[in-house]
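*Asks:*
Residue numbers (the UniProt record's numbering): 1 to 165.
And the structure:
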């Protein structure tokens with residue numbers, strides 16, 4: 001009788017993995033090469049191109065380089081009135097004030113007052129543009145009192161506005 005045991009993987013998997021082959025240099029790891037990144041930067045600066053901005057978010061986010069991402073988020077927000085730009089300024093400010101750790105909305109409560117005011121200012125601007133990401137973040141902040149006084153009324157207003165979109 002033929003062996004049809006599909007759970008037997010001994011013959012195709014090595015006993016041990018050679019971890020030296022799977023370590024990636026995270027300082028240079030990117031989904032994009034240098035010329036592509038330079039092109040994305042130019043497109044953001046000169047045209048406010050949202051697709052190029054998303055690619056920079058991926059690139060700099062993977063490297064946890066929020067200081068560099070912040071520069072392009074400011075351009076998208078201030079020069080091109082982009083909701084994604086406003087949202088990423090908010091996230092970058094929090095991350096930069098949290099040792100460049102991955103952004104977490106609850107970290108808003110941990111940063112200094114000046115940074116918090118600046119971050120919220122950008123989130124409010126994005127919400128005024130009806131950017132759903134900015135509105136959702138603000139709704140969560142007010143509903144849970146994250147770094148601000150809890151304001152259920154504001155949270156409910158934002159939630160209603162989001163639902164109507």
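For glycine and all other residues, C-beta sits at the position ideal for the given N, C-alpha and C.
Here the structure is a predicted model, which is why all the values come from computation and not from measurement.
1. Along the chain, which unbroken stretches of the alpha helix (DSSP H) at least 4 residues long are found entirely within the segment 23-90?
2. For residue 24, count the other beta carbons within 10 Å of its own beta carbon; 16 or more makes it buried, fewer makes it exposed. Which is it?
3. How should residue 81 be labelled, buried or exposed, when 16 other C-beta atoms within 10 angstroms of its C-beta is the threshold for buried?
4. For residue 165, count neighbouring Cβ atoms within 10 angstroms of its own Cβ and tell me buried if that reaches 16, exposed if not.
5. In three-state terms, what does DSSP make of residue 143?
6. Does the distance from the C-beta atom of residue 94 to that of residue 108 stay below 7 angstroms?
7. Once the 5 residues before and after residue 159 are set aside, which same chain residues still bring their CB inside 7 angstroms of it?
8. Alpha carbon to alpha carbon, how far is residue 38 from residue 152?
9. Quick one: grab the DSSP three-state call for residue 21.
*Replies:* In short:
1. 34-47, 50-62, 66-78
2. One-based indexing of the chain shown puts residue 24 at position 24. Note that residue 24 has pLDDT 37, beneath the 50 cutoff, so the model's placement of it is unreliable and no number is given.
3. By 1-based counting over the chain shown, the position of residue 81 is 81. When all chains shown are included, residue 81 counts as exposed.
4. Stepping through the chain shown from its first residue, residue 165 is reached at position 165. So residue 165 ends up on the exposed side.
5. Start at 1 with the first residue of the chain shown, and residue 143 comes out as number 143. DSSP places residue 143 in helix when its eight states are reduced to three.
6. Mapped onto the chain shown, residue 94 falls at position 94. Mapped onto the chain shown, residue 108 falls at position 108. Judged by beta-carbon spacing, residue 108 lies within the 7 angstroms limit of residue 94, meaning their Cβ atoms are closer than that value.
7. Residue mapping note: residue 159 aligns to position 159 of the chain shown, counting from 1. Answer for residue 159: 139, listed in chain order.
8. If you number the chain shown from 1, residue 38 lands on position 38. If you number the chain shown from 1, residue 152 lands on position 152. Cα to Cα, residue 38 sits roughly 44 angstroms from residue 152.
9. Position 21 of the chain shown, counted from the first residue, corresponds to residue 21. Legend: pLDDT at residue 21 = 37, less than 50; position of this residue unreliable, no value from coordinates given.
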